[in-house]
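Report on one structure; see the data block that follows.
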Amino acid sequence: MHAPVSVTRVMLQVLLAMIPGLAAYIWFFGWGIVYNLLIAMTVAVVAETVMLALRGRPLRPYLLDGSALVTAALLAFAIPPLAPWWVTAIGSAFAIVVAKHLYGGLGYNPFNPAMVGYVMLLVSFPREMTSWVPPLDFSVYPMSFLEAGRYILTGQLPAGVTFDALTEATPLDTLKTNLGMGNTVAEIRAQLGLDEATSRLLSVIPIFGAIGGKGWEWIAGGFLLGGLWLIHRRIISWHIPLAMLGALAIMALLFYLIAPDRYASPLFHLFSGATMLGAFFIATDPVTAASSPMGRLIYGAGIGILTYIIRAWGGYPDSIAFAVLLMNMAVPLIDHYFKPRVFGHDRD
Amino acid sequence: MMAAIIALTLLAVVFGLMLGFAAIRFKVEGDPLVDKIDALLPQTQCGQCSYPGCRPYAEAIAKGEADINQCPPGGETTIIALADLLDRDPKPLNPENGTVKPKMVAVIDEQRCIGCTLCIQACPVDAILGAAKHMHTVIESECTGCELCLPPCPVDCIDMVPLGQDILTWKWPYPEEAAPKPAVLEKAS
Amino acid sequence: MSNAGARRLWRFRGGVHPPQHKQVSTTLPVRPAALPARLTLPLHQHIGEPAEPLVKRGQQVLKGQLIARPQGYVSAPVHAPTSGTVVDIGEYPVPHPSGLSAPCIVIEADGEDRWIDHAPVADYQSLSPSELRNVIREAGIVGLGGAGFPTYIKLNPGHRKALDTLILNGVECEPYITCDDMLMRERAGEIAAGIGIVRHALQARQCLVAIEDNKPEAYDAMCRATAHLEDVTVVQVPTLYPAGSEKQLIKVLTGKEVPSDGLALHIGVVCTNVGTAAAVHRAIDRGEPLISRLVTVTGGAIGRPGNLEVLLGTPMEELIHQCAGDSGAIERLVMGGPMMGFALHRFDLPVIKTTNCVLALTAAELPPPRPVMPCIRCGACADVCPVNLLPQQLYWYSKAKDLDRVQEYHLFDCIECGCCSYVCPSNIPLVQYFRYAKGDIWTREREKEKADIARRRHEFRLERLAREKAEREARRNRKKAALQADTARREKQAEIQEAIARTQARRRAAMKAAETQRRKAQQTARGRERPSPAARNAGGEGGNEKSGAPAGMTEDAPQGKDE
Chain A
715 MHAPVSVTRV MLQVLLAMIP GLAAYIWFFG WGIVYNLLIA MTVAVVAETV
765 MLALRGRPLR PYLLDGSALV TAALLAFAIP PLAPWWVTAI GSAFAIVVAK
815 HLYGGLGYNP FNPAMVGYVM LLVSFPREMT SWVPPLDFSV YPMSFLEAGR
865 YILTGQLPAG VTFDALTEAT PLDTLKTNLG MGNTVAEIRA QLGLDEATSR
915 LLSVIPIFGA IGGKGWEWIA GGFLLGGLWL IHRRIISWHI PLAMLGALAI
965 MALLFYLIAP DRYASPLFHL FSGATMLGAF FIATDPVTAA SSPMGRLIYG
1015 AGIGILTYII RAWGGYPDSI AFAVLLMNMA VPLIDHYFKP RVFGHDRD
Chain B
245 MMAAIIALTL LAVVFGLMLG FAAIRFKVEG DPLVDKIDAL LPQTQCGQCS
295 YPGCRPYAEA IAKGEADINQ CPPGGETTII ALADLLDRDP KPLNPENGTV
345 KPKMVAVIDE QRCIGCTLCI QACPVDAILG AAKHMHTVIE SECTGCELCL
395 PPCPVDCIDM VPLGQDILTW KWPYPEEAAP KPAVLEKAS
Chain C
68 MSNAGARRLW RFRGGVHPPQ HKQVSTTLPV RPAALPARLT LPLHQHIGEP
118 AEPLVKRGQQ VLKGQLIARP QGYVSAPVHA PTSGTVVDIG EYPVPHPSGL
168 SAPCIVIEAD GEDRWIDHAP VADYQSLSPS ELRNVIREAG IVGLGGAGFP
218 TYIKLNPGHR KALDTLILNG VECEPYITCD DMLMRERAGE IAAGIGIVRH
268 ALQARQCLVA IEDNKPEAYD AMCRATAHLE DVTVVQVPTL YPAGSEKQLI
318 KVLTGKEVPS DGLALHIGVV CTNVGTAAAV HRAIDRGEPL ISRLVTVTGG
368 AIGRPGNLEV LLGTPMEELI HQCAGDSGAI ERLVMGGPMM GFALHRFDLP
418 VIKTTNCVLA LTAAELPPPR PVMPCIRCGA CADVCPVNLL PQQLYWYSKA
468 KDLDRVQEYH LFDCIECGCC SYVCPSNIPL VQYFRYAKGD IWTREREKEK
518 ADIARRRHEF RLERLAREKA EREARRNRKK AALQADTARR EKQAEIQEAI
568 ARTQARRRAA MKAAETQRRK AQQTARGRER PSPAARNAGG EGGNEKSGAP
618 AGMTEDAPQG KDE
């Protein structure tokens, strides 16, 4: 007897759960993400096929499991929407070939492949990987589906538009840079969170929304929704997201209460950058996460704390990838020390 | 220059003292390694390892004279256990020492036995009963299946028979993952 | 007072909700199965030592006659389920996952179904618990829930004078199986009577009858049947597989966990199946040994699924036939449920004491054969494990045959309920790995024991050979010594003889000399001559004769040594 579950169904539901986040992403940042997704997925499937063939594994069951698609999707969300196609392709191939298959393939890789791919891109192509776009409302030139595609694939911009004009640092990046220049959080937000008319007058882009980055907070909301659905479907357990978001919020709250001028609010941290995507989709990758309930709480909390530390005091504006990879390393240790109490045994 | 030399010398002395102290203070009493190795061997006493019994083989392993893959009756299990104990890499059984065979016991054909007692003298575990000019018999539960009684028998009356499997000793097989097969159901019955 | 009121329940961790499939086999009442022409009775239908046959080939037996007696403490007798002739005692295929044969007694029924003389125990209350257990032992009763542990041992509270709680297990959480359900619906009175007897044997303070809440009819029937009994409570427990597993059920009802290395008894609880209680009632109140049981015959290949009262030893194919089964459509025949049962290798295997269900599954009912994927560490198995194990770690170490690590992860706490395999998205046969690992560990222990014996025997032999050699050596030495001593003695004797001879020679010489002297003296006396020097010499020789005494003593000395 077997329950109607399979790896394929698990992966498909994870992909489905990304739809609200994706919709918000397209709504606020244009069509670039769709190209990223398509490129990343195509390359991932090709890389997966080649690797399976080289390793002499049966193609059908492993291609149908959908795990390569999930990796590709997570990576695509982490790459700026207007990144050239080869950036996405290299990242996707690296994730599948090196981070997944060279470590033994599905179920054996110690590090989250999408995050390995992302970090590789970040250190190799810093310019491409940090050139994000502002929300469409404030874009100098909101590109159409075809125009975005043409730029990503060929690097050709519509006439009269420069690349620099199209791009904008992310809210987390802006916050970090400005804090570094000695401005207070309130000043930065006031300066950058103006209403549309004022901002046009001062020619600054209002990238801060009500709680997080403008647009970003809605994407985060979309991923939160999808993630809750995954918990409801018991595809993922609540332990990692709760522990990660909780630890991040507590850290943020602590420092926000101590020095609100120097540190952003907990809500800002929860609804900016890749927090929600990370909490529900990246950190919960079962292969690279801790396995026992207690272990998952520790693992999630570790990611939350590391994320905050790197965001607040590290060199990078966002840090989900680094935090996840660092905690991936700690998983064997966590699994060793946090075994559940077995029925009929006293707690060790 | 001088300062560096002095500092390094001091460091060397201090660490040397610490190591020396640790070596004495935390000395691990010499394990009876031979006993540990011997405990892992199947005690068939068959000599296929080229040593005259399990303990001599254990002593040879402990001294580093013999490899861990010379025991056919122990097979893979014993090799892995030895590798584990000695912190070495397991390796396949050395074919020069023999091949893994199913567990066997010696059975004496009582019609042909002439009661020469040669097999009794050969048996390493005294598992054969009998007296001169009287028929001999093997105590099945004590027989290790070493086959040492076969060569001396002048009338060739000893056979090795595989140890039968019944529902009391049966065990679940290692799952076949590649193609999970259901139990074959004999439809015509 | 029996009551069905709200009662605090606990819950165990994990568990699954597989589809029930129970409805189909509860539409018809329990029917008696037809008397088969031949019955095959394995001697090993229970946990413990096999029984020992008491009958011979060709012997006539009566229904209920003892045909095999228990061997050892953990064992159970076997009785003839009907009257007839013993046609063979030998190896026949038995229902076992191995598909192997085992010793069986085969009876050809004479069709008369004639009972042997039997009598009920007039008043069980007058019997001591120990006497009562003996009757239960002689009736061959074992746990009918599926494990087959001899009941008389379970009903022995040991040194405890009284027991707190007797749990009657009517949970029946496995899908498809309904024999306990139907027994409770139709024969609640028998169970209630059994409760009284079992309680008397255990001196239990209270009794809880546990029934899953998907069996309202059985619940009502048991409430009615136990209404007149003191301290008996019928409890509905939430439907959750494996709530019917003993340790999990005890947790649900009492909140207590049976220690890993202990028995339910150690926390004052004994848990027994409702069918077992009914069998105890039959044995005591009617004097009938265990010769039949209820069997659920169900599955997609069965036309009229239901429950049959089956004589032990009846071939399963006859049951399938009687329930309008289509043997051609059977893809897999299972004894027990789909979660914990095992696939059978043939149709003609006999029903034994632990056969609660004959499940004939069609190809459509079996999960499509999906390839086994690598473990993605999703932890679904750990989430559903009712014992709170980490099945994926156990799987990892079982797969690697790391038998020590797998025990560190508490392999032997696994109850093989199959929840982990059921939910595994990678389709890994986890329980099979655990069964394999357990078997391997047991085999290894057996082999270790055997190796230890062999080592002792070998060492003893070496010691013996060494001793024998030493003895031989010693004997040889002694012989040599004795030989040497002998030579020495002979030499001495020769010396002595020589000495004696010498002495005698001298004495003779002396005597001669004396004679000569006397003659001379006579001559001298006659001729007045002085004594000659020869006569003086003879006197000196005479003094020397005394020094011969030590020589005589040395002659004795070797004899003294020899003593």
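Residue numbers (my numbering), protein chains in the order written: chain A, 715 to 1062; chain B, 245 to 433; chain C, 68 to 630.
Beta carbons: idealized from backbone N, C-alpha and C, even for Gly.
Contact annotation: ALA350/C and ALA186/C have beta-carbon atoms that are not nearer than 8 Å. Taking a C-beta cut-off of 9 Å against chain A, the contacting residues of the region 406-420 of chain C are MET406, listed in chain order.
Interface annotation for the region 373-392 of chain B against chain C: GLU386 and THR388, criterion Cβ-Cβ distance under 7 Å. Rounded to whole angstroms, LEU332/C and LEU230/C show a C-alpha spacing of 8 Å.
Not one beta carbon of chain B lies nearer than 8 Å to the beta carbon of ASP328/C. Contact check between the region 963-983 of chain A and the region 997-1004 of chain A: fewer than three CB pairs, one atom from each, fall below 8 Å, which does not count as touching. The C-beta separation of ILE954/A from ARG1010/A comes to about 5 Å, placing the pair in contact by the 8 Å criterion. Residues of the region 283-312 of chain C with a C-beta less than 8 Å from any C-beta of chain A: none at all. Taken through DSSP and simplified to helix, strand or coil, GLU158/C comes out as strand. Rounded to whole angstroms, the gap between the alpha carbons of ASP975/A and LEU886/A is 15 Å. In this structure the region 277-292 of chain C does not lie against the region 422-430 of chain C, because fewer than three pairs of beta carbons, one per stretch, are closer than 8 Å. Listed along the chain, the chain B residues whose CB falls inside 8 Å of the CB of ALA430/C amount to none; the nearest CB is some 10 Å away.
At a cut-off of 8 Å between beta-carbon atoms, ALA717/A makes contact with chain C. Of the residues assessed, ASP184/C falls on the exposed side of the cut-off, its CB having fewer than 16 other CB atoms within 10 angstroms.
Taking all protein chains shown into account, PHE743/A has 16 or more neighbouring C-beta atoms within 10 Å of its C-beta and is therefore buried. Straight-line spacing of the CA atoms in ALA737/A and TRP930/A works out to 12 Å. By the CB criterion at 8 Å, LEU726/A and GLY780/A fall inside the cutoff.
The beta carbon of GLN459/C sits closer than 8 Å to some beta carbon of chain A.
One Cα belongs to GLU538/C, the other to ALA518/C, and the distance between them is close to 29 Å.
Note: GLN127/C is bridge-paired with THR152/C in the DSSP secondary-structure output. ARG723/A has a beta carbon lying within less than 8 Å of a beta carbon in chain C.
One thing to note: ARG200/C has its Cβ no nearer than 8 Å to the Cβ of ALA101/C. Restricting attention to alpha helix (DSSP H) runs no shorter than 4 residues, the region 967-1047 of chain A encloses them at 980-984 and 1007-1027, ordered along the chain. Sequence-distant Cβ neighbours of LEU778/A in its own chain, meaning closer than 7 Å and more than five residues away, are THR722. Taking 9 Å as the cut-off between beta carbons, the residues of the region 295-308 of chain B near chain C are GLY297, CYS298 and ARG299, in sequence order.
DSSP, read as helix, strand or coil, puts TYR822/A in coil. In this structure PRO406/B is exposed. Its beta-carbon is surrounded by fewer than 16 other beta-carbon atoms within 10 angstroms.
For SER488/C, not one C-beta of chain B is nearer than 8 Å to its own C-beta.
At least one CB of chain C lies nearer than 8 Å to the CB of LYS1053/A.
The beta carbon of GLU279/C sits closer than 7 Å to those of VAL238, GLU239, CYS240, VAL304, THR306 and ALA310, all from its chain and outside the five residues before and after it, given in chain order. Within 7 Å of the CB of ILE443/C, the CB atoms of chain A belong to VAL721, LEU820, GLY821, PRO1000 and VAL1001, in sequence order along the chain. Around the beta carbon of THR149/C, a 10 Å sphere encloses 16 or more other beta carbons of the protein chains shown; the residue is thus reported as buried.
According to the DSSP assignment, THR763/A belongs to no beta strand (DSSP E) but to the alpha helix (DSSP H) extending over 746-768. For GLY805/A, the uninterrupted alpha helix (DSSP H) segment begins and ends at 799-808.
For GLY863/A, there is no enclosing beta strand (DSSP E); the enclosing alpha helix (DSSP H) has its first and last residue at 859-868. Distances from the alpha-carbon of GLY297/B to those of GLN287/B, ILE305/B and ALA306/B put GLN287/B closest.
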